[in-house]
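In UniProt numbering, the protein residues as written are 1 to 346.
For every residue, glycine included, the Cβ atom is placed at its ideal position computed from N, Cα and C.
Fair warning: this is a prediction, and the values are worked out from it, not measured in the lab.
Data first, discussion second: the structure below is written as structure tokens.
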């Protein structure tokens with residue numbers, strides 16, 4: 001992504017716009033510890049912020065996990081009204097006023113239902129606009145239909161189009177755009193050294209958690225429908241039936257967390273399932289786990305799957321994880337149709 005932003009800097013300067021620093025507005029729901037947000041922060045930490053600085057437009061009044069770090073790095077955070085559907089036109093007016101006050105030259109929208117509205121408002125004020133897809137289409141038809149009603153027009157508004165995988169680009173922008181010079185797959189990068197596995201590190205972490213001689217099954221992801229947590233629990237139940245020393249660790253939070261805790265309780269697995277909450281030590285968790293489960297219904301790329309592979313973990317992916325996320329020989333893709341009892345068979 002950075003090299004494209006620098007191309008934009010050069011292009012803008014050639015048009016006679018002299019700036020010591022280019023401030024790029026990143027537009028996203030909330031800066032919590034999730035896949036797309038973490039990738040943005042990985043880039044933000046490593047760019048030359050004397051030349052390119054990031055500011056953030058978010059749609060939540062609640063503090064995000066990364067907010068303090070953003071402010072420390074020199075970024076600004078602008079809070080907009082949360083999108084409720086019925087307040088679409090109110091938000092359109094907010095966007096118009098915002099870009100009149102803050103005429104950004106580059107606006108990077110991490111595509112959502114509001115992308116056409118804020119990118120259009122930014123473009124009217126002279127911004128170069130980027131639409132960035134982080135997800136493939138859902139397997140839920142109604143969800144796709146509602147999303148497309150709001151977001152389809154972005155294809156005719158944005159100047160440039162990014163996606164974390166080819167399929168994420170096709171599903172959100174269509175074949176015509178992904179075959180054009182305005183589209184690029186932006187590879188989600190991680191610092192592989194942070195995830196490097198050693199037996200000493202693995203054993204030290206197991207001792208820290210008091211889990212010596214345990215088989216640790218791991219999953220990292222927000223508690224939302226697409227992550228398929230019930231299936232994770234079902235698969236773990238099958239493992240536990242065969243190995244009473246197995247433990248399931250779930251990192252993340254979200255709208256379905258309480259319902260998943262109830263589901264765990266119904267299966268009498270409370271002592272075997274650990275809810276870790278939001279974490280800032282994912283490399284350590286990947287070194288702690290023995291197996292990684294990733295049965296999502298859809299993913300743009302699935303950066304946590306790549307992180308798991310960087311730690312050398314055997315990984316079980318659903319068929320909906322893009323092929324670009326498979327970077328080692330330690331991944332087994334399985335159809336969710338097999339059911340939990342047969343899912344780990346290979």
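- For residue 297, the closest C-alpha among the options 27, 324, 203, 228 is that of 228.
- If you draw a straight line from the Cα of residue 128 to the Cα of residue 105, it is about 6 angstroms long.
- In the DSSP assignment, residue 119 falls within the alpha helix (DSSP H) that extends over 115 to 124.
- Fewer than three Cβ pairs drawn from the region 310 to 319 and the region 238 to 257 lie within less than 8 angstroms of each other, which leaves the two stretches out of contact.
- Along the length of the region 251 to 313, whole alpha helix (DSSP H) runs at least 4 residues long occupy 257 to 266, 282 to 288, 303 to 310, reported in chain order.
- For residue 55, the enclosing beta strand (DSSP E) covers residues 52 to 58.
- The three-state reading of DSSP puts residue 135 in coil, since its state is none of H, G, I, E or B.
- Taking a C-beta distance under 8 angstroms as the contact criterion, residue 173 and residue 133 qualify as a contact pair.
- Three or more beta-carbon pairs drawn from the region 64 to 72 and the region 24 to 33 are found closer than 8 angstroms, and the two stretches are therefore classed as touching.
- Residue 22 is bridged by DSSP to 52.
- Each residue's CA atom was taken as its position, placing residue 309 and residue 303 some 10 angstroms apart.
- Across the structure, residue 55 and residue 25 are spaced so that their CA atoms are roughly 5 angstroms apart.
- Given a length threshold of 3 residues, each whole run of the beta strand (DSSP E) inside the region 57 to 98 is given here in chain order: 77 to 79.
- Restricted to the region 185 to 241, the alpha helix (DSSP H) segments that are unbroken, complete and at least 4 residues in length are 199 to 208, listed in chain order.
- By the neighbour-count criterion, in which a residue is buried when 16 or more other Cβ atoms sit within 10 angstroms of its Cβ, residue 57 is buried.
- When secondary structure is reduced to three states using DSSP, residue 154 falls in the helix class.
- For the options 152, 336, 183, the alpha carbon positioned closest to that of residue 161 is the one of 183.
- The Cβ atoms of residue 223 and residue 266 do not sit closer than 8 angstroms to each other.
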